[in-house]
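Scroll down for the structure; my scribbles are underneath it.
In our numbering, the protein residues as written are 35 to 963.
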């Protein structure tokens, strides 16, 4: 008899013993998640973002780099294990909850674990002072949402959350409903669920920028143990569609197949391998043999429009491509007045060409979904459920049903908590291929993008080339504006025409000029596709237009801020754009004047430039922006509010939560309408089962569209309950007053629980629920202004932001704490795009920056503490006077910074990003070196 002397693997996780041995080469992150500790997040795969931070014997480590086998015999603590066993939060968790040091929350576990470790080291021999030097402490932690101020406040113990009284929630700052789950690691994101029997998908991607697939041999791939299927274009439907999600699918060209026999960029999916494990699926991809016929390719949109350029999509008119023979996806041409006449009237004319680069959304939760079959509630068979990291569950369901000829009743799409979006998840990039596999195999199938795939297999912001010509009289009056815009939409036209159209709308209309002209093109190239991105084209054009306005003012010898004050539209003005009138767009409140007043005060009071090093140059600059509070053409939301058996309320709404704060706002709106507190309201959302329809969480619609639907539903329920209470008590309706617990009907108290029971006893359950619907029209506009004071070292090009001020016209601010966070996050993301973010391509169009260590995101040390000011306005259209404020803070940042740099150096920088080496080279050239 022999004894097994093989050492057993033992590990303690959150005070619980485990003896399951890790697989060879497995990292600690995947091991912990397989044991059910979903608070450990995957954000980068390479130790760059810190979302996977855990403690091993009290020391913080990035678990994606830490071999699981090294944890043998050790004690591991994840974010779930920070709290006391009796449920009391760890002090750091409580501080992050009080300060709301998160938005989407995907990075929060990493910051919590880092902070907890540093606090444990404080005043010990291991204390190296990092808590007093947060830029150094958080150099290995990334946040894409917050701009880091809220995280700093959390570490410092600053409390921002409030507990408003009944009916008084709007305008106050209650915390996010999911806050306790976020800080304890129990909030459930897309893959934080255990799906029994799930198969794993990996994608084989094209190595060529343009090629025809001659043959695919899957024999060797299918021989890999564990591989269940290999899908190619032979398995995919012929139907064309767009990955973009819009209420009206005709806004985008139908130019995409699930799997195509022609590839149009390096990174396009060629085949999908489905296997029992990711390792088997990856090996299967390596063994798929593909024969390609390489085709000519083009990367520059100007070249792509020229005669003789390779045609990227030779498709019929049914695909709605404007001029496929010239690679023009969409175009717009318009003129108001006569710009030739306007320029003839000008005393000064300025013309310049500006370029903006590709930017990645870099949401820390990558794209992905899992599809599985579940029994119908009525017991009549199965239906398909798709759990996805999406901003558009309802539109995605509609697209899947159209693509695969499914009935909508047979498909459910649900989004858990989404780990960041920024427009990037207004796409169907994984659901289509995963559903194809699930339907074929009748098994659960999962696809989760790697961080590298997020760069070359998802979408980016559209790179723009913008030529602006502007003229003005000597007194500063604008006479003419002309703009030519070329947008590089990449290999597919998802969002291409819409981004192009939107880019030349509000950006043009914010300035009064009698003569305006635009020509704009969205152009195919053999590059990674672009898509929806925060600002939806306005940020690119605003950079060019606001830089132009600044330069024109300087050449006129007029203060740039005064020049803007003279020429921007006013509250009674008609918005004129050469692309045509949008009849449902109104200035329903006007705060732009107040925004510019804030900038003027900041300039007058500023003393930050007094302490810069000797020899450094300083400058200040501002920019303004206007944005519609929702997309054109209708954006629809249904909501339902119900009284529950225990006397609390339930909201059902379709919009997704990804740090945008709409969940909190919807509860605040309901609390106000029903004279209750937010803790007496629960919410169900982002699930096609809960309401009829919701266009989605994009276009800044979470408050102004879905919030309006919630307001209508809650207000209707309040009236229904009052009527029922009056009937139930025999009291005149106007004598019944709703309170937190029930109604006071002329001195008689009837509880909400009693009303619920009475309604059910009478068969009047319909009195306990009400619905609201809003169609997104009419729309208003929101305004923003950004101001910077910066310093530049002429010897090295080093930049310092001395002061950052942002003025936001958000109408009635529903939740000041959250709205401030949206502004700060938008400014931080825009600073990244302004200063260093750039998705770089090589000469064949292949992405060369497919990792965070090669694509620099703003870190804690890069982001200034922006002073945020809200204007005193109340909108006539938005719910309770509110306007949108999720996208718009991004738009004026780049031009404000470029204008400050022009003020400091005398050089007009026309291309983003404004990297240190570019600044240094330009300054050397100016000085004759």
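Note that CB positions come from ideal geometry on N, CA and C, so glycine has one too. Values in this document were obtained by computation on a predicted structure and should not be read as measured data.
Other residues of its chain near residue i: CB distance less than 8 Å, five sequence neighbours each side excluded
i, result
"residue 774", "200, 709, 710, 711, 714"
"residue 269", "293, 470, 474"
"residue 511", "600, 601"
"residue 43", "53, 54, 55, 56, 103, 106"
Outcome for residue i when other beta-carbon atoms lying within 10 angstroms are tallied against a minimum of 16
i, result
"residue 725", "buried"
"residue 96", "buried"
"residue 248", "exposed"
"residue 581", "buried"
"residue 226", "buried"
"residue 515", "buried"
"residue 125", "exposed"
"residue 605", "exposed"
"residue 230", "exposed"
"residue 508", "exposed"
"residue 358", "buried"
"residue 472", "buried"
"residue 794", "exposed"
"residue 933", "buried"
"residue 50", "exposed"
"residue 262", "buried"
"residue 207", "buried"
"residue 491", "buried"
Nearest-angstrom beta carbon gap, residue j and residue i [assumed within contact, 8 Å]
i, j, result
"residue 754", "residue 760", "So it is not a contact: roughly 11 Å between Cβ atoms."
"residue 574", "residue 611", "In fact, because the Cβ distance is near 16 Å, the residues do not count as touching under 8 Å."
"residue 513", "residue 210", "No, residue 513 and residue 210 are not in contact; Cβ-Cβ is about 49 Å, not under 8 Å."
"residue 494", "residue 517", "That belief does not hold up - the Cβ atoms of residue 494 and residue 517 are roughly 22 Å apart, past 8 Å."
"residue 527", "residue 138", "Not a contact, Cβ separation roughly 28 Å."
"residue 772", "residue 790", "No, residue 772 and residue 790 are not in contact; Cβ-Cβ is about 14 Å, not under 8 Å."
"residue 150", "residue 116", "6 Å"
"residue 861", "residue 853", "The Cβ separation is near 13 Å, so there is no contact."
"residue 105", "residue 45", "5 Å"
Neighbourhood of residue i by C-beta distance below 7 Å, restricted to the same chain and skipping five residues each side
i, result
"residue 465", "403, 420, 422, 430, 434"
"residue 152", "164, 165, 171"
"residue 662", "540, 619, 813, 815"
"residue 103", "56"
Beta carbon proximity, residue i to chain C, threshold 7 Å
i, result
"residue 762", "Among the chains of the structure shown, chain C does not appear; only one protein chain is present."
Cβ neighbours of residue i in the same chain (closer than 6 Å, five flanking residues each side left out)
i, result
"residue 212", "221"
"residue 521", "496, 498, 534, 556"
"residue 371", "548, 549"
"residue 216", "136, 139, 142"
"residue 232", "478, 480"
"residue 251", "323"
"residue 132", "193, 195"
"residue 73", "112, 113, 114, 143, 219"
N- and C-terminal bounds of the alpha helix (DSSP H) containing residue i
i, result
"residue 745", "741 to 763"
"residue 398", "It is not in any alpha helix (DSSP H) - residue 398 carries neither H nor E in the DSSP assignment."
"residue 719", "Not the alpha helix (DSSP H): residue 719 falls in the beta strand (DSSP E), residues 715 to 719."
"residue 467", "465 to 475"
"residue 954", "950 to 960"
"residue 787", "786 to 796"
"residue 919", "Unbroken run through residue 919: none, as it is neither H nor E."
"residue 373", "373 to 379"
"residue 802", "First-last for residue 802: undefined, no H or E at that position."
Beta strand (DSSP E) segment containing residue i, residue limits
i, result
"residue 703", "Premise fails: residue 703 lies in the alpha helix (DSSP H), 696 to 707, not in any beta strand (DSSP E)."
"residue 459", "Where residue 459 is concerned, there is no enclosing beta strand (DSSP E), given that its DSSP letter is neither H nor E."
"residue 837", "833 to 843"
"residue 61", "Unbroken run through residue 61: none, as it is neither H nor E."
"residue 933", "That residue, residue 933, is in no beta strand (DSSP E); its alpha helix (DSSP H) goes 927 to 939."
"residue 187", "Premise fails: residue 187 lies in the alpha helix (DSSP H), 183 to 190, not in any beta strand (DSSP E)."
**OP:** Enumerate, from N- to C-terminal direction, the unbroken beta strand (DSSP E) stretches of 3 or more residues contained entirely within the segment 513 to 573.
**Re:** Runs found: 549 to 558.
Subject >> Unbroken stretches of the alpha helix (DSSP H), 4 residues or longer, contained in the segment 598 to 660 >> reply: 626 to 639
**OP:** Kindly provide the ranges of any beta strand (DSSP E) runs that are 3 or more residues long and lie completely inside the segment 79 to 106, ordered along the chain.
**Re:** 87 to 90, 93 to 96
Original post:
What are the complete alpha helix (DSSP H) segments, minimum 4 residues, inside the segment 142 to 179?
Top reply: The qualifying runs are 142 to 155, 168 to 171.
Original post:
Which runs of the alpha helix (DSSP H) spanning at least 4 residues fall entirely within the segment 280 to 332, listed in chain order?
Top reply: 312 to 321
**OP:** Let me know the alpha helix (DSSP H) ranges lying completely inside the segment 478 to 504, each 4 residues or longer, listed in chain order.
**Re:** 485 to 490
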